[in-house]
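Peer 1: In terms of the UniProt record's numbering, the sequence shown opens at residue 1 and continues consecutively.
Yeah, the Cβ is synthetic: ideal placement off N, Cα and C, and Gly gets one too.
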Amino acid sequence: MSRSVSPSTTKDPYEAAIAAAAAAAASQKPKKKRAPATKKKGIAKPVVKKRAAAASTSAAAFNTAAAAMAVSGDEAAPPKKKVHKAVAVRPGKKTDTTNAVGQPKYDKEGRELYCICRKPDTGKWMIGCDGCEDWYHGECVNIKEEDADLIDKYYCQYCTTPTLTTTWRRMCRLPSCRRPAQTTATPPSKYCSPDHGILYMKSLLSRSALPASEVASLTTSVPTVSEFHSLGTRLPTPPPSALKAYPSEIERLEGIKREREALERRRVRTEQRQRYLGLVIRRKERMGGVCGFDEELAMDDGEWDVWVVNQAWTKSPAPPRQQKRKVRDEDESSDDDSDDDDTADAEEEVLEKREGVCVKKQCRGHKGWMGLFKEEGEVTERLREERLVQLKQEERRIRERQKRRALKNEQEGRVERDA
């Protein structure tokens with residue numbers, strides 16, 4: 001049996017509510033306001049505010065419709081606002097919620113965060129910073145777990161400064177070992193243990209071209225470690241009977257000896273000339289305004305050697321005085337003072353000499369003589385030193401050739417120790 005449904009029951013509840021609100025508003029007629037009585041003319045009656053009345057009517061209709069919809073239950077209540085709960089801090093931890101660089105110290109679940117990745121402890125190997133005392137994963141800071149013992153002080157990227165950086169211990173010399181060497185032991189060692197030192201030396205001997213017996217004899221032939229380190233820097237000295245020099249080498253060695261003696265005489269001559277030049281310059285200053293050139297400065301080496309032998313100022317090795325002599329008290333006089341006075345008297349004799357001295361006020365022939373003789377002495381000494389170095393190198397090459405020939409022929413020798 002079919003049931004008939006009236007159209008009113010199928011009407012939309014929104015439309016029914018709005019229609020009911022409109023009917024209620026229409027049934028209520030607004031009351032007319034009477035203007036107040038007044039005797040004055042020209043005052044208009046107040047206008048009824050239709051807009052305000054219409055607004056209040058629409059608001060009342062909307063409220064009525066909303067109430068009807070709530071009663072009918074056709075629409076659910078509006079959603080509630082979300083409320084953020086406070087993060088709970090793990091009990092027993094510090095009240096500070098940030099680390100040394102201002103990053104959060106705990107996550108939303110109250111777990112403590114570490115490292116630059118800001119993740120909790122997952123069981124991975126970590127290293128502690130000696131500055132901020134925070135912990136960092138080795139894989140995040142590029143440090144291997146097997147190198148942990150090699151680190152002396154570790155500072156993270158936030159604590160590192162130009163004067164505060166990570167320091168490392170010296171590693172064991174054995175290539176396969178990653179442990180620190182015993183540098184603080186007595187005596188210090190380059191290895192982490194004596195066993196590794198023995199293994200390292202055995203590996204060296206296995207790669208050496210010399211047999212172990214010869215290496216052992218070399219190590220026992222020197223008393224100190226420094227002499228052992230110097231082995232191989234030069235050829236050992238063979239026995240004198242094994243040295244065989246060619247006639248050309250013997251002649252050249254004798255020539256080198258003679259030339260070195262001549263260079264030594266040149267050194268003494270240059271020092272004498274420079275000393276006498278200083279005395280001549282002092283005499284020129286005392287004479288005042290004259291040329292002051294001395295003929296003895298222009299002597300050649302042969303004439304100079306003959307002339308300088310009988311000069312009193314060359315008897316004492318003391319250098320010429322650059323200042324005037326000071327007056328000494330008689331109470332401070334001694335034997336040393338008398339020797340100094342003798343040298344000073346000889347120098348004063350040179351200063352008072354006038355023979356062979358140019359006394360012209362304006363002398364073009366001797367212009368710039370002081371700088372010329374000073375430069376000549378410096379150049380002569382520099383050339384002498386360079387030549388002396390060349391002779392020493394040449395002599396060393398000749399001696400080494402003789403040693404190599406002797407070792408090749410006789411196959412014997414002894415280790416030469418440094419003096």
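(1) Can you tell me whether K257 is buried or exposed? The criterion is at least 16 other CB atoms within 10 Å of its CB, across all chains shown.
(2) Can you tell me the Cα-Cα spacing of S213 and T219, whole angstroms?
(3) Can you tell me whether DSSP reads Q323 as helix, strand or coil?
(4) Please name the residue or residues paired with H137 in a DSSP beta bridge.
(5) Please return the same chain residues whose Cβ sits closer than 7 Å to the Cβ of D130, not counting the five positions on each side in sequence.
(6) To the nearest angstrom, how far is the alpha carbon of I281 from that of G292?
(7) Given a cut-off of 9 Å on the beta-carbon distance, is the pair D294 and C358 in contact?
(8) Taking the straight line between their C-alpha atoms, what separation do you get for W313 and Q402?
(9) For Q103, which residues of its own chain have a beta-carbon under 8 Å away from its beta-carbon, when the five flanking residues on both sides are left out?
(10) I'd like to know whether the C-beta atoms of Q274 and W304 end up nearer to each other than 9 Å.
(11) K361 and G255 - do their beta-carbons sit closer together than 9 Å?
(12) Classify residue 493 as helix, strand or coil using the three-state DSSP reduction.
(13) Apart from the five residues on each side of it in sequence, which residues of its chain come closer than 7 Å, Cβ to Cβ, to D149?
(14) Using only the alpha-carbon positions, how far apart do E376 and P211 sit?
(15) Pick from S203, L204 and I116: whose alpha carbon is nearest that of N142?
(16) Can you give me the start and stop residues for the alpha helix (DSSP H) that residue 422 sits inside?
(17) Nearest chain B C-beta to T186 closer than 9 Å, yes or no?
(18) By the three-class DSSP mapping on this structure, what secondary structure does T161 have?
(19) With distance defined between alpha-carbon atoms, name the residue in G110, S230 and E395 nearest to I250.
(20) Taking the straight line between their C-alpha atoms, what separation do you get for residue 458 and R260?
(21) Report back the beta-carbon spacing between R169 and Y191 to the nearest angstrom; my notes put them in contact at under 8 Å.
(22) Identify, in the order they occur along the chain, each residue of the same chain with its Cβ nearer than 8 Å to the Cβ of H196, setting aside the five sequence neighbours on each side.
(23) Give a yes or no on whether the C-beta atoms belonging to R267 and E386 are separated by under 9 Å.
(24) State the DSSP-derived secondary structure class of I151, mapped to helix, strand or coil.
(25) Determine, using beta carbons only, whether L263 and M370 come nearer to each other than 9 Å.
(26) Please report the straight-line C-alpha distance between M299 and N310, rounded to a whole angstrom.
(27) Compute the Euclidean distance between the alpha carbons of A406 and A245, then round it to the nearest angstrom.
(28) Are the Cβ atoms of G110 and W125 separated by less than 9 Å?
(29) Rounded C-beta distance between residue 428 and A216? I'm assuming under 8 Å.
(30) So, for T183: in the same chain, excluding its five sequence neighbours on each side, which residues have a beta-carbon less than 6 Å away from its beta-carbon?
(31) Indicate the three-state DSSP secondary structure (helix, strand or coil) for Y246 in the structure shown.
Peer 2: Put simply:
(1) Taking the sequence shown and counting its residues from 1, the one referred to as residue 257 is at position 257. Per the 10 Å Cβ criterion, exposed.
(2) As a working mapping, residue 213 is identified with position 213 in the sequence shown. As a working mapping, residue 219 is identified with position 219 in the sequence shown. Each residue's alpha carbon lies about 10 Å from the other.
(3) As a working mapping, residue 323 is identified with position 323 in the sequence shown. Because the pLDDT at Q323 is just 35, under 50, the model does not fix this residue reliably, and the point stays unresolved.
(4) Here residue 137 corresponds to residue number 137 of the sequence shown, with the count starting at 1. Paired residues: M126.
(5) Stepping through the sequence shown from its first residue, residue 130 is reached at position 130. The answer, listed in chain order, is K153, Y154 and Y155.
(6) Sequence index remark: in the sequence shown, residue 281 carries index 281 (1-based). Sequence index remark: in the sequence shown, residue 292 carries index 292 (1-based). Spanning the two alpha carbons is a distance of roughly 8 Å.
(7) Taking the sequence shown and counting its residues from 1, one reaches residue 294 at position 294. Taking the sequence shown and counting its residues from 1, one reaches residue 358 at position 358. Yes; because the gap between Cβ atoms is below 9 Å, this pair is in contact.
(8) Here residue 313 refers to the residue found at position 313 of the sequence shown. Here residue 402 refers to the residue found at position 402 of the sequence shown. When rounded, the distance between both Cα atoms is 47 Å.
(9) Position 103 of the sequence shown, counted from the first residue, corresponds to residue 103. L113 and R118.
(10) What you label residue 274 is simply residue 274 of the sequence shown in a count that begins at 1. What you label residue 304 is simply residue 304 of the sequence shown in a count that begins at 1. With a cutoff of 9 Å on beta-carbon distance, Q274 and W304 are scored as not near each other.
(11) On the sequence shown, residue 255 is found 255 positions in, with the first residue counted as 1. On the sequence shown, residue 361 is found 361 positions in, with the first residue counted as 1. No.
(12) Because the chain spans 1 through 419 in this model, residue 493 falls outside it and cannot be assessed.
(13) Here the question's residue 149 lines up with position 149 in the sequence shown. Result list for D149: R179 and P180, in chain order.
(14) Locating residue 376 in the sequence shown gives position 376, counting from the first residue. Locating residue 211 in the sequence shown gives position 211, counting from the first residue. Each residue's CA atom was taken as its position, placing E376 and P211 some 59 Å apart.
(15) Translated into the one-based positions of the sequence shown, residue 142 becomes position 142. That would be I116, whose Cα lies nearest to the Cα of N142.
(16) The structure shown has nothing for residue 422, since the chain only spans 1 to 419.
(17) Included in the structure is just one protein chain, with no chain B present.
(18) Residue numbering aside, residue 161 sits at position 161 when the sequence shown is read from its first letter. Residue state, collapsed to three classes: strand.
(19) Start at 1 with the first residue of the sequence shown, and residue 250 comes out as number 250. Checking every option, the nearest Cα to that of I250 belongs to E395.
(20) The requested residue 458 is not part of the displayed model; the chain covers only 1 to 419.
(21) Here residue 169 refers to the residue found at position 169 when the sequence shown is read from its first residue. Here residue 191 refers to the residue found at position 191 when the sequence shown is read from its first residue. Their Cβ separation, rounded to whole angstroms, is 13 Å, which puts R169 and Y191 out of contact at 8 Å.
(22) Within the sequence shown, the letter at position 196 stands for residue 196. The beta carbon of H196 is closer than 8 Å to those of C172, R173, L174 and C177 in its chain, skipping five residues each way along the sequence.
(23) By one-based count along the sequence shown, residue 267 stands at place 267. By one-based count along the sequence shown, residue 386 stands at place 386. Result no, Cβ atoms of R267 and E386 do not sit closer than 9 Å.
(24) Position 151 of the sequence shown, counting from 1, holds the residue named residue 151. Of the three classes helix, strand and coil, the one that applies to I151 here is strand, per DSSP.
(25) Stepping through the sequence shown from its first residue, residue 263 is reached at position 263. Stepping through the sequence shown from its first residue, residue 370 is reached at position 370. No, the pair does not count as a contact, with Cβ atoms beyond the cut-off.
(26) As a working note, residue 299 is residue 299 in the sequence shown. As a working note, residue 310 is residue 310 in the sequence shown. Answer to the nearest angstrom: the Cα atoms are 15 Å apart.
(27) Translated into positions along the sequence shown, residue 406 becomes position 406. Translated into positions along the sequence shown, residue 245 becomes position 245. The alpha-carbon of A406 is positioned some 9 Å away from that of A245.
(28) Within the sequence shown, the letter at position 110 stands for residue 110. Within the sequence shown, the letter at position 125 stands for residue 125. Against a cut-off of 9 Å, the Cβ pair of W125 and G110 comes out as no contact.
(29) Residue 428 is absent from the model: the chain starts at 1 and stops at 419.
(30) Stepping through the sequence shown from its first residue, residue 183 is reached at position 183. Excluding residues within five positions, the ones whose Cβ falls inside 6 Å are R170.
(31) Position 246 of the sequence shown, counting from 1, holds the residue named residue 246. Residue state, collapsed to three classes: coil.
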